[in-house]
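K.L.:
First the structure, then my questions, so here it is.
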Amino acid sequence: MYPAVKYLAYASRRLLATLSLILMVVWSQALNAQTAKESLVEKAIAQVESLPRLHTLLAAHDGEPFIEYAAPGKSLNRPANIKSLSKLVISALVGIAIERNVMEGVEQPITELLADERIPDGADPRIHEIRMKHLLTMQAGLERTSGPYYAPWIASDDWIAYALTRPFVDEPGGRMLYSTGNTHLLSAALTDSSGRDTHTLASSWLGEPLDIRIPPWTRDPQGIYLGGNNMALSPRALLTFGELYRQGGIHDGERILSEDWIAASWTPYTRSEFNSDLYGYGWFITQLAEHIVYYGFGFGGQRLYVIPSLALTVVMTSDPTPPSPGQAYMQTLDDLVAEILIPDVEKSSLDKP
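Structural data, given as structure tokens:
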């Protein structure tokens with residue numbers, strides 16, 4: 001064999017051996033990464049199975065679900081009572097209404113948007129100082145209609161008048177006073193300013209373009225859909241809604257929500273007295289595992305987390321019936337995100353070539 005030919009044969013064997021070694025290393029790394037990912041997913045599933053109140057867990061990275069858990073008898077596709085996660089939907093509807101010029105903006109007084117007959121006689125004149133922004137950020141100043149005040153409010157024969165005649169315990173724009181009555185006033189404002197009920201708006205402005213089902217829910221004695229509680233969405237629908245925010249208001253190439261509205265919704269304006277987290281337009285703002293997290297919560301353990309820095313969206317639904325599981329359960333849900341889901345996504349990102 002000629003020397004040149006012998007050399008080429010030798011070089012070819014060396015090249016094949018090197019390529020084989022590289023492929024083995026890449027395959028080994030991919031296998032190890034997959035094994036580690038499966039281990040973390042298994043750990044997450046094991047933890048949620050130990051929480052009898054937790055009904056579903058749905059987590060997506062870059063829009064692709066990597067955990068899809070439903071407890072026996074529960075479903076990721078069936079609507080569930082999302083409790084106060086409803087406030088996020090109402091907030092989105094307000095943003096769309098402003099974008100469509102149905103409302104002027106967040107500085108508009110609420111009394112300009114409500115029908116005249118909804119303004120109760122004898123109400124404190126300061127109600128005319130309450131602006132849309134104050135309701136979105138829970139800074140209306142009125143006595144709360146949530147917590148121990150919720151039952152008397154719902155038992156009243158006019159939820160709008162009841163909310164507007166609560167005594168002022170702070171000035172409009174003052175401290176955060178979490179109150180479902182605030183978002184119910186927003187629901188009434190949406191209805192009166194648009195001429196369409198809140199369910200119709202939700203179905204038209206969010207349900208149809210996002211291809212999610214939003215069934216009718218509770219109405220007040222005057223027929224206004226309850227703003228901020230008792231809506232029903234499936235976990236998959238909630239994930240789609242959360243992804244809308246993570247994607248800057250765009251779904252399937254179509255703009256549904258203004259990017260400016262999302263930025264404003266995720267801007268901290270005040271702070272919760274209950275958990276010390278910051279608060280925007282219906283969204284709480286916190287930090288988990290050194291990542292900024294925007295989230296909504298509902299009674300009993302309904303959760304929607306959006307973590308833009310990781311392209312991570314997480315949905316959890318839990319038993320919505322009283323009694324409350326308490327702060328320890330809520331902390332467990334946060335820990336699940338901080339100690340398992342976030343590290344999983346971080347590792348997956350590092351393992352990508």
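Taking UniProt numbering, the leading residue of the sequence shown gets 1, the next gets one more, and so forth. Glycine residues also receive a C-beta, built at the ideal position from the N, C-alpha and C atoms.
How about D344 and R53: do their beta carbons lie closer than 8 Å?
P.N.:
Against a cut-off of 8 Å, the Cβ pair of R53 and D344 comes out as no contact.
K.L.:
Thinking just about the alpha-carbon of each residue, which of F66, T137 and G181 is nearest to the one in S156?
P.N.:
Nearest option by C-alpha distance: G181.
K.L.:
Could you check the C-alpha separation between A46 and N230 for me, to the nearest Å?
P.N.:
Using only the alpha carbons, I get a separation of about 29 Å.
K.L.:
Roughly how many angstroms separate the alpha carbons of P65 and V314, rounded to a whole number?
P.N.:
When rounded, the distance between both Cα atoms is 9 Å.
K.L.:
Hey, quick one: how far does the beta strand (DSSP E) through E68 stretch, first residue to last?
P.N.:
Note, E68: beta strand (DSSP E), E64 to A70.
K.L.:
Under DSSP, the alpha helix (DSSP H) around K87 begins and ends at which residues?
P.N.:
It spans S86 to E99 - the alpha helix (DSSP H) in which K87 sits, taken as one unbroken run.
K.L.:
Between which residues of its own chain and L312 is the CB-CB distance below 6 Å, once the five residues before and five after are set aside?
P.N.:
Contacts found: H61 and V345.
K.L.:
Among residues of its own chain, excluding the 5 on either side of Y245, which ones have a beta-carbon nearer than 7 Å to its beta-carbon?
P.N.:
Cβ within range, chain order: I262 and V306.
K.L.:
Are the segment 199-214 and the segment 273-293 touching by the rule of at least three beta carbon pairs closer than 8 Å?
P.N.:
No: the two stretches stay apart, fewer than three of their Cβ pairs being nearer than 8 Å.
K.L.:
Pick out the complete alpha helix (DSSP H) segments inside the segment 219-306, 4 residues or longer, and give them in chain order.
P.N.:
Runs found: 235-246 and 259-265.
K.L.:
Among T270, A202, D260 and L278, which has the Cα closest to the Cα of A232?
P.N.:
Of T270, A202, D260 and L278, the residue nearest in Cα terms is A202.
K.L.:
Within 10 angstroms of its Cβ, does L333 collect 16 or more other Cβ (buried), or is it exposed?
P.N.:
The residue is buried, with at least 16 neighbouring Cβ atoms inside 10 Å.
K.L.:
I need the DSSP call for I160, collapsed to helix, strand or coil.
P.N.:
Helix at I160.
K.L.:
To the nearest angstrom, how far is it from the Cα of T145 to the Cα of P235?
P.N.:
The alpha-carbon atoms of T145 and P235 are separated by roughly 27 Å.
K.L.:
How long is the line joining the alpha carbons of L278 and F284, rounded to whole angstroms?
P.N.:
Near 6 Å, if we compare the C-alpha coordinates of F284 and L278.
K.L.:
Straight-line CA distance for N77 to Y150?
P.N.:
Going from the Cα of N77 to the Cα of Y150 covers about 30 Å.
K.L.:
Rank L164, T317 and I90 by C-alpha distance to the C-alpha of L114 and give the top, closest one.
P.N.:
When each option's Cα is compared against that of L114, the closest is L164.
K.L.:
For A59, list the residues DSSP reports as bridge partners.
P.N.:
Note: A59 sits in a beta bridge opposite I67 and V314.
K.L.:
Confirm the yes/no value for this check: CB of L136, any heavy atom of the ligand COA, distance under 7 Å.
P.N.:
As for the ligand COA, it is missing from this structure, which has no ligand bound.
K.L.:
At what residue ranges does the segment 94-135 contain a whole run of the alpha helix (DSSP H), taking only runs of 4 or more?
P.N.:
Whole alpha helix (DSSP H) segments, 4+ residues: 110-113.
K.L.:
Using only the alpha-carbon positions, how far apart do S187 and I127 sit?
P.N.:
Going from the Cα of S187 to the Cα of I127 covers about 17 Å.
K.L.:
Under 8 Å, do I130 and I160 count as touching if we go by C-beta distance?
P.N.:
No. Outside cutoff.
K.L.:
How many Å lie between T56 and E117 at the Cα?
P.N.:
T56 and E117: Cα-Cα distance of roughly 43 Å.
K.L.:
Just checking my contact of G300 with P325 at CB under 8 Å: how many whole Å lie between their CB atoms?
P.N.:
That pair is a contact at about 7 Å.
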